Amino acid sequence: MNKFTKLGLFTLLLATVVFSSCKKEYETIESVDDTAIQTYLKQNNLSFTKDATKGYYYKITTQGTGSAVANQDSVYYTYTFKTLSGQVLKQISDLMILGTYLGYTDQFAINSNTVNYVFAPVREVLTKLNRGGQATLIMPSHLAFGKNGLSALNIGSNENILVDLVMYSESKRHEIDELEINKLIANNNLTMIKDPSRARYSITTPGTGTDAINLNSTIVANYTLRTLDGVVVPQAGQITDVLSNLFKGWQLILPGKVTAGGKLRLILPSDLTNGAPLDFDIEIVSVTN
149 MNKFTKLGLF
159 TLLLATVVFS
169 SCKKEYETIE
179 SVDDTAIQTY
189 LKQNNLSFTK
199 DATKGYYYKI
209 TTQGTGSAVA
219 NQDSVYYTYT
229 FKTLSGQVLK
239 QISDLMILGT
249 YLGYTDQFAI
259 NSNTVNYVFA
269 PVREVLTKLN
279 RGGQATLIMP
289 SHLAFGKNGL
299 SALNIGSNEN
309 ILVDLVMYSE
319 SKRHEIDELE
329 INKLIANNNL
339 TMIKDPSRAR
349 YSITTPGTGT
359 DAINLNSTIV
369 ANYTLRTLDG
379 VVVPQAGQIT
389 DVLSNLFKGW
399 QLILPGKVTA
409 GGKLRLILPS
419 DLTNGAPLDF
429 DIEIVSVTN
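When the sequence shown is numbered by the working numbering, its final residue is 437 and no position is left out of the sequence of numbers.
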């Protein structure tokens, strides 16, 4: 056998060994994940279905009584990411329900404004539900955050992830707004007046000013702005502007209800703001007509 043939044979054997080693390592990670998940299920007396193709586990807890959904359909849903030990890693509040097309529910922006993770099992399990359905998913680490984990969320290397999924029966944005606002009011035992526009308001002080507010009024107002889950938006403070330039919900509620010195709480659905339901505390400092 000449030197060239020997060298070629050696290279081929080396490549085969390296390939086999890499393949074995990958399969070992899958095997370790699967063993850990099966141990978790056995210890907790749980019965899940294993996906035959990708190897994740899932259980449909509520099928849902609404319609089936396809990738091009809008869906509203929440999720909770947890470790198998129960540590909550990432949770979406039922006061800030996500909305997107079903086909995009596998895309996640975590600690970033751009999509940087794709978890296909999330979309696939949601696809199995009807509107109003709920399910639990266990993603093996190689389908989740892998060997690097994610330190920002305290996710360790090769961490298997449990995901609780809820798909809401509502299919329209205004329906979700109503659900969220009603939940906020009930959770906090609030007494609010519902305007025909679907805005809710509660007037603490009507004010003592003599100038009535209209769309052309210049108002100075102090305000606090929160999302429905209670997070304060830092850009709030004091504003001076013509009412017709401000939120549509302000334009509908302020005229005829408060004057200078007036104070109110105002909860607005998304179509009366900039696209998201918002919760305001407002104090009218002055009104100029």
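Cβ atoms here follow ideal geometry from the backbone N, Cα and C, with glycine treated the same way. Since we're looking at a predicted model, the values are computed, not measured.
Best match in the options for proximity to residue i [C-alpha to C-alpha]
| i | options | result |
| --- | --- | --- |
| Thr-176 | Ser-289, Gln-235, Thr-197 | Ser-289 |
| Lys-202 | Leu-291, Asn-193, Arg-321 | Leu-291 |
| Glu-323 | Met-287, Asp-419, Val-273, Lys-207 | Asp-419 |
| Asn-362 | Leu-376, Leu-310, Gln-399, Gln-186 | Gln-399 |
| Thr-209 | Leu-402, Leu-194, Val-379 | Leu-194 |
| Leu-285 | Leu-332, Thr-339, Asp-199, Ala-218 | Asp-199 |
| Asn-264 | Val-273, Lys-238, Phe-293, Gln-239 | Phe-293 |
| Asn-306 | Asn-437, Ser-179, Asn-336 | Ser-179 |
| Thr-372 | Arg-413, Asp-182, Pro-354 | Arg-413 |
| Asp-377 | Ile-351, Pro-269, Ala-334, Thr-231 | Ala-334 |
Residue span of the alpha helix (DSSP H) that contains residue i, given as start and end
| i | result |
| --- | --- |
| Asp-325 | 321-335 |
Where residue i sits in the DSSP three-state scheme
| i | result |
| --- | --- |
| Ser-264 | At residue 264 the sequence reads Asn, which differs from the Ser that was named. Asn-264: coil per DSSP, three-state reduction. |
| Ser-299 | helix |
| Val-418 | The sequence shown places Ser at residue 418, rather than the Val named in the question. In the structure shown, Ser-418 sits in a helix (DSSP, three-state: H, G or I). |
| Ser-434 | strand |
| Lys-396 | helix |
| Gly-247 | strand |
| Val-379 | coil |
| Ser-289 | helix |
| Leu-412 | strand |
| Ser-350 | strand |
| Ile-361 | coil |
| Leu-237 | strand |
| Val-390 | strand |
| Lys-405 | coil |
| Leu-426 | strand |
| Thr-183 | helix |
| Ile-309 | strand |
| Val-314 | strand |
| Thr-213 | coil |
Extent of the continuous beta strand (DSSP E) to which residue i belongs
| i | result |
| --- | --- |
| Lys-230 | 222-231 |
| Asn-370 | 366-374 |
| Tyr-206 | 205-210 |
| Asp-199 | Note, Asp-199: premise wrong, no beta strand (DSSP E); not H, not E. |
| Met-340 | Met-340 -> no beta strand (DSSP E), and no H or E assigned at all. |
Buried or exposed by the 16-neighbour rule on C-beta atoms within 10 Å, applied to residue i
| i | result |
| --- | --- |
| Asn-308 | buried |
| Cys-170 | Legend: pLDDT at Cys-170 = 48, less than 50; position of this residue unreliable, no value from coordinates given. |
| Leu-338 | exposed |
| Val-390 | exposed |
| Ala-216 | exposed |
| Ala-360 | exposed |
Stretch pair the segment 218-228 + the segment 308-321: three plus CB contacts closer than 8 angstroms: Contact between the segment 218-228 and the segment 308-321 is present, because at least three Cβ pairs lie under 8 angstroms.
Three-pair Cβ contact test at 8 angstroms for the segment 244-257 versus the segment 342-356: Between the segment 244-257 and the segment 342-356, the count of Cβ pairs shorter than 8 angstroms is below three; the stretches do not touch.
Given 8 angstroms, three or more beta-carbon pairs between the segment 277-284 and the segment 293-303: By the criterion of at least three beta-carbon pairs nearer than 8 angstroms, the segment 277-284 is not in contact with the segment 293-303.
Segment contact flag, the segment 391-398 with the segment 362-372, C-beta cutoff 8 angstroms, min 3 pairs: The segment 391-398 and the segment 362-372 touch, with no fewer than 3 CB-CB distances between them shorter than 8 angstroms.
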